[in-house]
Amino acid sequence: MEPSAQLVAVATLLPLLAGLICYFLRSSAIRSLTVIVTTVALIAVSLLLLQNGPFEYSPPPVAGLEWNTLITVADMALLVVFLALGLYLRNTLITVLALAQAAIMGYFEFVMGAHVEVKPALFVDELSIIMALVISIVGSLICVYALQYMKDHEHHIQLEGGTRQPRFFFWLVVFLGAMNALVFANNLLWVYFFWEITTLCSFMLIRHDLTKESIANATRALWMNSLGGVAFAAGIVLMYERAHTLSLKELILAGAQPEMVLLPLSLLVFAGFTKAAQMPFQSWLLGAMVAPTPVSALLHSSTMVKAGVYLVVRLAPAYVGTNLSTIVALAGAFTFLLTAVLAISQSNAKRVLAYSTISNLGLIIACAGLNTPLAISAAIMLIVFHAISKALLFLCTGVIEHKIGSRDIEDMEGLISRQPALALITVVGILTMLLPPFAVLISKWAAIEASVRMPAITLFFIVGSAATVVFWVKWVGKLLGAPSGVGRRGGTSLESLYATPLVLLVGMAVVLSAVVAPVVNAIVEHAVMPYYKTAGITAVGVDLSTGVGFITVWPLFLVLMLVVTPAYFFVRVKAEQVRPAYMCGENTAAGPTVQFRTLQDRTEAIVTSGYYFEKALGEKRLNVWANPVAIALLVALVGVVLR
Amino acid sequence: MIDNERAVTPQELVDEVKKLCDGGYRFCTATCLDQGDDFEIIYHLDKDLTMQNLRMVFPKEAEVPSITGVYLAAFLIENEMKEMFGANIAGIAVDYGGRLLVTEETLQTPMLKSVQVTSLAVSPNGGAQ
Amino acid sequence: MGLINTARMKSPWILHYDCGSCNGCDIEILACLTPLYDVERFGIVNVGNPKHADVLVVTGPANRRNQRVLRNLYDQMPEPKAVIAVGTCACSGGVFHNCYNVMGGVDKVVPVNVYVPGCAAKPEAIIDGVVKALALFAPANGKEAAK
Amino acid sequence: MPWFLPGVLGNLFGGPATRLYPFQKREPFENARGQIELDRDNCNYCGACSKRCPTSAINVDRTNKVFYFEPFRCIICEACIEICPRNGIKLLSNHRSPEYTKETLIFRAEDGEKAAAASDCQ
Amino acid sequence: MTTNDLLTVIVTIVLGPLVGGFLFGVDRRLTARLQGRYGPPLAQPFYDFLKLWSKSRIVVNQSQMMYVYGYLAFTITALCLMALRQDLLIIIFVLAFGGISLIMGAFSVKSPYSNFGAQREILQMVAYEPILMLAAVAIYLKTGSFMVSDIFSKLQQPLLFSLPLIFVALLIILTIKMRKSPFDISASTHAHQEIVRGIYTEYSGPYLALIELTHWYELLLVLGIIGLFWATSIWAAAAIALAAFLLEIVVDNIEARMTWSWMIKFVWSTGITLSVVNIAVLYLLR
Amino acid sequence: MSRQTVVPFGPQHPVLPEPIQLKLTLEDERIVGALPAFGYCHRGVEKAGEINEYAQNVFLVERICGICSFIHALCYCQGIEQIMGVEVPSRAKYLRVIWSELHRIHSHLLWIGLLADAFGFESLFMQTWRYREKVMDVLEKTCGSRVIISTCTIGGVRRDISEENLSEILSTLKEVQGHLDQIAHVIEKDYTVRKRCIGVGMLPREQALAFGAVGPTMRGSGIAQDLRMTGYAAYGDLNFEPVVETGCDSYARALVRVRECYQSIDLVRQAIDRMPAGDLAVKVRGNPNGEVVFRVEQPRGELIYYIKGNGTKNLERLRVRTPTYANAATLLTMLPGMTLADVPVIALSIDPCFSCTER
Ligand code: NFV
Ligand code: SF4
Ligand code: SF4
Ligand code: SF4
């Protein structure tokens, strides 16, 4: 086995092993140790993979069994599990969808009698490596965080009976392995198998708390993803029938596929949409937030939904320049805009984050649809940087929730004086999503510049970005809104299992932004080059160029340093300089509570809240027409290529 | 004696006012007077520029009903009478609890005849006024 | 310091507060801002926010509920600052001297630098008063403004 | 929408309406209520004005023949002028100028033509 | 960065406030004249600045001032990027950073009026950002690039000829950015408002001085963007910017302030329609 | 979690010329609750009115408010005159009308300016106040002072208006009318003004009655009631009709006031036309004994004085019910449902005067 292959084996099988250890050796110490060791190993492995670069590999048969056969059998077993789940949950939809998948796969195996041999079995290019990096680094940091979180969580919900953590960590860690395997696989059948595994993992994790709500939401997630599964399966069958190959590598290296093949492609893209929770499937991801926060973090940043966009981006070279591509761009852009607007009316932090995720995934998908080298570069950059910032924000929300007992943005008011460190990290996290010179925005900039070839898409991007500002800034404002006075108050220190992932993630978000040019140079350019011949976004020294635009990041960082350093470290305010806030003259003395005098000379607390525009932009108001439009777009997605 | 005046008892008050209200009268205001042991409240109502007055006399400690149930607009004047005279008006719709106009530091129930106010102007020659 | 003093004298931003006046003096202050008297000639702007103001222009005799507001507003103004009492009421309580809720002049509540008499004080008198107050911002020309 | 455009343009080209007070002073109107002043020649310190004054701005010490006047208390209502039997108080049409301190003006009969003494008011 | 670039940056930073402050003086004087008043001296903004700068520092809490530095620094950065003829979108983003910094500052104190101001400022931003970006897109369609330098180097004909509707949309944005009626929603320069000084309510003395200073830079930047529409020569650009500036002052004096909901509706419907129509025409004629 | 905002609006607030606090509860910027807190202007005038001699009270009541000062004095004097059975010379009655109406014009112009300021139309504010100064000049010329004109006294008036000044009043009013045309035109036509006022602060006719609204607030809701119709002073001799608008919103109230300016100009003209020669005042002797309720029309509506004398030089009771006292309650129904930006407009639409209200 060549070294890279060994790395792949570790990246995919170690999580499985670790999961089993967690499951069977129920001691919490062993569990922590396992998770931490796995984390370190996965991070090391992914970095080594990066160093070794792309490669291809087909594993030899194990014990005389072809891997293909193994996976087909496992796949069938998985479908049986789904079927059983459908029956157990008494959910006809899931049952039917599981049956449909089984029927399609059965048809493929037995009726068509296809016996596909795909060489190489593993196809690891720069994109796969980038995905692996995201999964292994961001994903495992979340697992570390979960060690502390689940302790607090079970304490918090006053779980009765024994701990349910072994089960939880089993699914959590296995999830990472499945994701790694998914991005390395070349055979669409394999991809499909791991795809279904992630569906199963997410189902198990969402319903982990076994409350009524979590079970219901998990069920919704399951059926929606099963729908994607059916599309995937159908896509495979049609693909084989029309293109006579199931090798991703072949599909994408051949350039734009003939029209015949677009139908299976569109089905696969459809599957990607369900997994990436694009409208109208956003509800499963929104519902998924009932799960413990690490699950949300994992689903939103490095796994699950990223599998969806991975597939869409991965296949992009195969449908470049087609109508399908245009519809993908439109659908993505539509989701980007609408979910960004929907996020405005939310005050539940996790829901805001969820909408923001969907929105960003929409952006990525729209970039895939734009399908120029620049757009694809932007998409890849977004996948990476969004994962980091979003994981960070979910983790922050989780800690905040445990510290203040609420995940409502309005309740987070003044966190900066209650939990300074935590609030600061959260604020930085949000700013990395929102502002230049941070990388998410740089990616967005690239996306906008890429989109100008379709000004309609640009319009969606521009308006969506404006909406994005509203909910992020509102949230930042809440965190920062401190009462009058000097001197830091309160604030317990963060547990190290919380602090480590948070600090690492926030560090990554900032440092990677600062060195975005070399990063682009080292990986993103190579991830695009092979399929598009040109590089899209290129690094010119320390600058980035999109061909139509240009940015030098370091001066912006310099300015940022100039602002923050003196203000934060040197300016000290004396107590006698402090005055209470303006309250029309009826303020009370400066202090931790902000009050004013009113009727009958009584004092009353000032209450300030953000604007939510519930009436104009609430879910009730928008979903009524947005979901039908999204469905129409999906119909068009499959429709334009029907022939 | 003022024009169009009628005496009412505290018990009849609300009914009488209701009748006038139904008759299309607009509530203007009320006036409270300190008559030694009694309070006198005159309710002024108007219809087409003619005024109807209801005069109600009651002992100072007696409780009288509020008419805010009929005319919400009366809440200000009732609060004021309560505050300035200490009239015991029960059930005012928006009750300022005796703090509509004055604060704790001010003279309480200042409009009572028994409360004396002194001028702030101190004469420079030692009070030869 | 010369330049700074000039700037201070040329840019007095006022905060007008009605401390229970009869509106007579207030509308005269407003009239000062309007075309016929236009005190913006002297850089005067009515800012309506104590934190931005240099000169507090008070009318009215200061009543007991209002005095805490006046005090708060005064405290929220950054140094150097001046207070002008406009109108007889604000100077001494004037015609309201025997009203039970009146403190009798705003100097009972905040230190007053310039008293503008008149009931109502005429716009010309108010302008004179402001000019007098401005002299306080250049310490050589008058008394120390910042107490 | 620009209904007010002629108005503002008229202002712009018509020149400002500003009276350049204090650089150019307008003559006060005849009989304008600017301030009151004691005419010592006529006053006999009877105190009638002091009783009528609604603000107690005037105090008269009848025994010592002293006339105290607090200009920062006076509302220039002319009541004293109307009541005075001897035309002892005059109305001036120019306004009293603002001061840094409130002073009481003291007119003593024995001081004759001397200007009023001033004392800081409390 | 060449020496030449460095020089440009220094000149921008030094001359910017002089020109900007003077323009504000013109604004004050002209406004007064339009209202039939005499008005302050032209140097009034500088007096105001110096006075504010010399006032004692009072704050509500200890982090409040940092955001003002951010507002100033990023606005200057945006202006410098403009002077260096960089990417238009980046300029817009950096300018937005400045604005967001100010919003964060307003949020960072628990004060009702500054909170209102901040919320409204976000809405203003939401209203004008898309139009600015659409203008950038339209310019791209003419020059094939987002670089300001290409507007100067690649075009024979002023942009105004091909982008008249975009120009009108930008004039609307200019009103918002100059905080003039009918769009002085989040804080108006000196007029009275239901939310007091809105976003500036809690800043005073030297911090307010810095905010004023930032306005001077900001004004130059938006006028610069307006100037791009006649970029055949620097003088023509200055002339058209000045004309737009004067127009805004007149408009300020003949309209009432509108509400933010009306502003969003108007800017998005009219502004975006104008932009989109203009872009569509360009796109189809290409 | 609550998404409400609770803030004080006032007492010191740049759009409120007077100290009053509205405790606002908002959702986003939509008002869900508004409660006024009073007492920032309360001095205690009614009590002082019992301490002062009844003749001195004239100076006190005209300082209840500097905007409607003359009419306060008028109402008080007429009330006392009615108790004491004093017949006022008819020239004095006409002079009272002239000053009342000049006061109304200055009050309404002032209000139009403040309204313009409330929705940020600074130049309109400046314009209105610029022309208001013409009226102020006339007042100063005829009375000696600008706002507290202090010309009414028990038994008549204190100053006369010479023929020369009468004709100057006429020419000034002509000029003011011309400028008023311009301002009225802007208010009637300008899109932004209409947008900010129409439909803002609805007060349907029934509500207006139930809340006891008076004056232009009531007439803007379609109720034709004007105390001047009772014919106090010399109004009985003059021809006029109450100004009514039926829009029931802030805009209707604005129009009522604009049209009342014209009406007042007309009334001054009529009064000057018909003014008889004669004495200015009669000497009043003795002390009032008895009670009276007297009502006059202020710029803001019905003003009620209840005066009770007991035969001494001090009054037994002086009660003042000012128009804003009646109108203030309507804010409770007009504010909820509107937005924060509408607060200044709605508050101003009743032309509030809290120094009157709280005395
Ligand atoms: N409210 C009131 Fe007045 C009037 N008009 C009156 O009585 O203004 Ni100050
Ligand atoms: S001084 Fe006279 S005009 Fe001024 S507020 Fe007092 S009473 Fe009114
Ligand atoms: S001024 Fe007249 S009333 Fe007063 S004391 Fe002198 S003489 Fe008597
Ligand atoms: S003018 Fe009036 S206030 Fe002044 S002293 Fe004479 S009576 Fe007193």
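Residue numbers (our numbering), protein chains in the order written: chain A, 3 to 645; chain B, -15 to 113; chain C, 301 to 447; chain D, -7 to 114; chain E, -18 to 267; chain F, 2 to 360. Don't be surprised by glycine CBs; every beta carbon is placed ideally from N, CA and C.
Sequence-distant residues of its chain with Cβ nearer than 6 Å to residue i (five each side left out)
i, result
"CYS66(F)", "CYS354, SER356 and CYS357"
"LYS447(C)", "Low local confidence applies: a pLDDT of 37 at LYS447(C) is under 50, so the model's placement there is unreliable, with the coordinate-based value given in what follows. Around LYS447(C): PRO411."
"ALA445(C)", "Caution is warranted here: a pLDDT of 41 is assigned to ALA445(C), below 50, making its placement in the model unreliable, and the coordinate value is therefore given only provisionally. Here the set comprises PRO380, ALA382, LEU436 and PHE437."
"GLU54(F)", "LYS314"
Beta carbon of residue i nearer than 7 Å to that of residue j
i, j, result
"VAL311(A)", "LEU394(A)", "no"
"ALA119(F)", "VAL257(F)", "no"
"ALA64(E)", "ASN259(E)", "no"
"VAL125(B)", "VAL54(B)", "The question about residue 125(B) has no answer, for chain B in this structure spans -15 to 113."
"LEU23(F)", "VAL8(F)", "no"
"SER35(E)", "ILE304(C)", "yes"
"TYR147(A)", "PRO17(A)", "no"
"THR610(A)", "ASN234(E)", "no"
"ILE553(A)", "ASP131(E)", "no"
"THR334(F)", "GLN208(F)", "yes"
"GLY252(E)", "ILE112(E)", "yes"
"LEU115(E)", "TRP447(A)", "no"
Partners in chain C for residue i, counting only beta-carbon separations shorter than 9 Å
i, result
"ILE65(F)", "CYS322"
8 Å Cβ shell around residue i - same chain, five flanking residues per side excluded
i, result
"ARG159(F)", "SER151, THR152, CYS153, LEU281 and ALA282"
"GLN114(D)", "The predicted position of GLN114(D) is uncertain, since its pLDDT is 45 and thus under 50; a value taken from the coordinates is nonetheless stated next. Around GLN114(D): no qualifying Cβ."
Amino acids of chain F, ordered along the chain, whose beta-carbon sits closer than 9 Å to that of residue i
i, result
"VAL86(B)", "GLY40, HIS43 and GLY45"
"GLY348(C)", "GLN13, HIS14, PRO15 and VAL16"
Sequence-distant residues of the same chain with beta carbon closer than 7 Å to residue i, five excluded per side
i, result
"GLY279(F)", "PRO90, SER91 and ARG92"
"GLY110(B)", "Below a pLDDT of 50, predicted positions are generally treated as unreliable, and GLY110(B), at 45, falls in that range; the measurement from the model is reported next regardless. Nothing meets the Cβ criterion."
"LEU84(B)", "ASN63, GLU64 and GLU67"
Contacts that residue i makes with chain A (C-beta to C-beta distance below 9 Å)
i, result
"GLY11(F)", "CYS586, GLY587 and GLU588"
Any beta strand (DSSP E) of 3 or more consecutive residues that is wholly inside the region 53 to 103 of chain B: DSSP runs (the beta strand (DSSP E)) wholly in the region 53 to 103 of chain B: 72 to 74.
Interfacial residues, the region 23 to 36 of chain D to chain F, with Cβ spacing under 9 Å: Per Cβ criterion, the list reads ASN23, ALA24, ARG25 and GLY26.
Every unbroken alpha helix (DSSP H) inside the region 253 to 338 of chain A [4 residues or more]: Counting only unbroken stretches of 4 or more residues, the alpha helix (DSSP H) elements lying wholly within the region 253 to 338 of chain A are 261 to 277, 284 to 289, 295 to 303 and 307 to 317, in sequence order.
Members of the region 380 to 399 of chain C near chain F, C-beta cut-off 7 Å: So the close ones are VAL395, PHE396, ASN398 and CYS399.
Entirely enclosed alpha helix (DSSP H) segments - the region 301 to 345 of chain C, minimum 4 residues: The region 301 to 345 of chain C contains these whole alpha helix (DSSP H) runs: 302 to 310 and 324 to 333.
Residues of the region 179 to 191 of chain F whose Cβ lies closer than 7 Å to any Cβ of chain D, in chain order: Within the region 179 to 191 of chain F, the qualifying residues are GLN183, HIS186, VAL187, LYS190 and ASP191.
Residues of the region 72 to 85 of chain B whose Cβ lies closer than 7 Å to any Cβ of chain A, in chain order: Residues TYR80, GLY81 and ARG83.
Interface residues of the region 18 to 37 of chain F facing chain A [CB-CB below 9 Å]: So the list reads PRO20, GLN22, LYS24, THR26, LEU27, GLU28, ASP29, GLU30, ARG31, LEU36 and PRO37, given in the order they occur along the chain.
Sequence ranges, alpha helix (DSSP H) only - wholly within the region 337 to 421 of chain A, length at least 4: Whole alpha helix (DSSP H) segments, 4+ residues: 351 to 372, 375 to 406 and 417 to 420.
Contacting positions in the region 333 to 355 of chain F - beta carbon closer than 7 Å to chain C: Against chain C - using a Cβ distance shorter than 7 Å - the residues of the region 333 to 355 of chain F are CYS354.
Chain-ordered residues of the region 237 to 251 of chain E with a beta carbon less than 9 Å from chain F: Residues of the region 237 to 251 of chain E with a C-beta less than 9 Å from any C-beta of chain F: ALA237, ARG238, MET239, THR240, TRP241, SER242 and TRP243, listed in chain order.
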